[in-house]
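Student:
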Amino acid sequence: MLPACGRGPERRPRAHAVAIRAFQYSPDTLTAGVGDTVVWENRDVVRHSATHRAGRLDTGTIGAGASGKWVAAQKGTYAYGCVFHPGMRGWLMVR
Ligand SMILES: [Cu+2]
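In my numbering, the protein residues as written are 787 to 881.
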């Protein structure tokens, strides 16, 4: 069926999941679309976060067994890490 007159094809927002396990984001690289939600699920027994250095992405503290989410409002490449564990690295591409 053709889209309604005057309207382009609509893209439904999607949800993406990133597991945090053994101090790693899995997947560590993810591509999402504008409007999508990304959920980080902490499967470790310590707290983590997904935090962009300049504050463009931040889940806040994610307790053990909890999850944090973020809605991708703007296109860009977001390199993020954990405020508690400097060795953790993840990348999120929003297109
Ligand atoms: Cu951490």
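Just so you know, even glycine gets a beta-carbon here, dropped at the ideal spot from N, CA and C.
1. Just confirm the distance between the C-beta atoms of residue 829 and residue 847, as a whole number of angstroms; I'd bet it's less than 8 Å.
2. State the start and end residues of the unbroken beta strand (DSSP E) segment that holds residue 818.
3. What is the DSSP secondary structure of residue 835, counted as helix, strand or coil?
4. Is any heavy atom in ligand 1 found nearer than 6 Å to the beta carbon of residue 874?
5. For residue 863, count neighbouring Cβ atoms within 10 angstroms of its own Cβ and tell me buried if that reaches 16, exposed if not.
6. Start and end of the beta strand (DSSP E) containing residue 825?
7. Tell me which same chain residues have a C-beta within less than 8 Å of the C-beta of residue 816, skipping the five on either side of it?
Tutor: For this structure:
1. Contact doesn't hold; Cβ gap of about 15 Å is too wide.
2. 815-818
3. coil
4. yes
5. exposed
6. 823-828
7. 802, 804, 824, 876, 877, 878, 879
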